[in-house]
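Take 8 as the starting number for the sequence shown in the numbering used here and just add one per residue.
Beta carbons: idealized from backbone N, C-alpha and C, even for Gly.
Each remark here refers to the structure printed beneath this line.
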Amino acid sequence: MPPSSQRGHQKDGCNFTIVPLSAESYGRWGDEAAALLNRMARHMRPPVYMEEGDVEFFRETAVERWWARLSVLLQKGNAHMVRSRAWRASRWNGQERAGFAEGLLLEREPFHPR
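Shown next as structure tokens:
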């Protein structure tokens, strides 16, 4: 991989930013994630019929929806990791897949994030 000085022009040519979305186990999201969502909300264009006083509510609602969506995606990813590890552990211990931990919903299709 080339040094960062050589990769700098490639990064500037792209029109995207990579922001780590860190989340604590039982708490809040990282500061970078909050700043990113608020910045994205400021760039949202409200509908033309919306009055000036409702624009801030529109943006707050968008941020709340994004937080909910991110939380669900994180939970789905965590559930997939637990489910796949439980399945691997059952195979390692010689147990049959169909009879092992039916409460973990092991018979579903693999998780594919959207």
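Cut-off 6 Å between Cβ atoms - residues of its own chain near residue i, not counting five sequence neighbours on either side
{"i": "Val-62", "result": "Pro-53"}
{"i": "Ser-78", "result": "none"}
{"i": "Arg-35", "result": "none"}
Contacting residues, own chain, Cβ-Cβ under 8 Å from residue i (five flanking each side not counted)
{"i": "Arg-66", "result": "Ala-48, Arg-49, Met-51 and Pro-53"}
{"i": "Met-57", "result": "Phe-65"}
{"i": "Gly-15", "result": "Any reading at Gly-15 must be qualified, since the residue scores a pLDDT of 48, below 50, and its modelled position is unreliable; the value itself is stated next. Cβ within range, chain order: n/a, list empty."}
Boundaries of the alpha helix (DSSP H) in which residue i is found, first to last residue
{"i": "Leu-43", "result": "38–49"}
7 Å CB neighbourhood of residue i in its chain, flanking five on each side removed
{"i": "Ala-69", "result": "Ala-48 and Met-51"}
Residue i to residue j span [Cα, whole Å]
{"i": "Glu-59", "j": "Met-88", "result": "45 Å"}
{"i": "Pro-27", "j": "Asp-38", "result": "10 Å"}
{"i": "Leu-113", "j": "Arg-90", "result": "Its pLDDT being 47, under 50, Leu-113 is placed unreliably in this model, and the coordinates cannot settle the point."}
{"i": "Cys-21", "j": "Ala-40", "result": "21 Å"}
{"i": "Ala-30", "j": "Ala-96", "result": "27 Å"}
Residue nearest to residue i in terms of C-alpha spacing, selected from the options
{"i": "Phe-23", "options": "Asp-38, Ser-91 and Leu-43", "result": "Leu-43"}
{"i": "Tyr-33", "options": "Arg-92, Ala-96, Gln-82 and Glu-39", "result": "Gln-82"}
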